[in-house]
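Numbering (the working numbering), first residue to last: -1 to 260. Yeah, the Cβ is synthetic: ideal placement off N, Cα and C, and Gly gets one too. The structure presented is a predicted model; accordingly, all values stated were derived computationally and were not measured.
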């Protein structure tokens, strides 16, 4: 993992209709990091991810990608550096899975240029790695939520960017496919040096796969560090208002929520 940040937020603040959502977020994500972003509903997780992807503009502060202020970059320039995986598909369902994944190659093409052999190979490789090759001829509208999620991840892989930004990548997935996606993301980070930032509600997956965890609470950084540093029962109880038990599982810690706290 590189020590130099490939992605950073500098005193970032954001509000919706005057209501503060994020306040004074400072974050430096080194190249090759796997950062899980956790926190209760309304903590600002997805908003932060959209700011990092350049889909929102901070009210103040700056987001930098490869040292450049994201606000000064075109969408194509951002898309060459970072791939965005939303919680749900945002395109017409008439496209096949392969056609949708192929669209992610647009940042690498000249205007009106056709895709070449390298683009087709990138699409095939991405479909296979995301476990979505069997879906390539299926219209998106015929896919289950979990199948669409695998196609979304495949599209991000085909984009071939150094940074992956994922909003709940295991949403709608059964346990097997969820584990496979997280294992793939961990491999991209550890073996290929790609930077992964993933919002998740699954604290056990965060503990098992992430190198670092950012815990947001009420729009502010509550904790930032390794899984052992962040996922403490007392801290989680304070933030989530639920008791927690941390167990030792065969593949790492298991975080079990208990009763709501007063």
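- Item | Close beta carbons around residue 83, own chain, < 8 Å, minus the five adjacent residues each side | 150, 151, 153, 154, 162, 163, 164, 165, 167
- Between residue 234 and residue 146, is the Cβ-Cβ spacing less than 8 Å? no
- Message: With the cut-off set at 8 Å, would you say residue 206 and residue 172 are in Cβ contact?
- Response: no
- Query: Rounded C-beta distance between residue 187 and residue 12? I'm assuming under 8 Å.
  - Reply: 27 Å between Cβ atoms; not a contact.
- For the putative contact between residue 253 and residue 229, defined by C-beta atoms under 8 Å, what is the C-beta separation to the nearest angstrom? 6 Å
- Task: Can you tell me which of 14, 1, 34, 23 puts its alpha carbon nearest to the alpha carbon of residue 225?
- Result: 34
- Query: For residue 32, does the three-state DSSP call read helix, strand or coil?
  - Reply: strand
- Below 8 Å, can you find three or more Cβ-Cβ pairs linking the stretch 68 to 81 to the stretch 97 to 114? yes
- Under 8 Å Cβ to Cβ from residue 198, same chain only, skipping five residues before and after it: list those, please. 34, 35, 36, 166, 167, 168, 204
- Item | Where residue 203 sits in the DSSP three-state scheme | helix
- Query: Would you call the CB atoms of residue 183 and residue 195 closer than 8 Å?
  - Reply: no
- Boundaries of the beta strand (DSSP E) in which residue 14 is found, first to last residue: 3 to 14
- Task: Answer yes or no: the CB of residue 254 versus the heavy atoms of the ligand SAM, is any distance below 7 Å?
- Result: This structure lacks the ligand SAM; in fact it carries no ligand of any kind.
- Task: Find the nearest neighbour of residue 263 within the set 245, 132, 189, 255, judged by alpha-carbon distance.
- Result: This structure leaves residue 263 out entirely; the chain is present only between -1 and 260.
- Considering residue 59, what are the terminal residues of the beta strand (DSSP E) in which it resides? 58 to 63
- Message: Among 156, 139, 50, 5, whose alpha-carbon lies nearest the alpha-carbon of residue 126?
- Response: 156
- Item | Closest residue to residue 14 among 42, 25, 5 (Cα-Cα distance) | 42
- Item | Range of the contiguous alpha helix (DSSP H) that encloses residue 185 | 173 to 190
- Item | Where residue 245 falls, given that 16 or more other Cβ within 10 Å makes a residue buried | exposed
- Message: Classify residue 107: buried if its beta carbon has 16 or more other beta carbons within 10 angstroms, exposed otherwise.
- Response: exposed
- Query: At least one CB of chain C closer than 8 Å to the CB of residue 132: is that the case?
  - Reply: Included in the structure is just one protein chain, with no chain C present.
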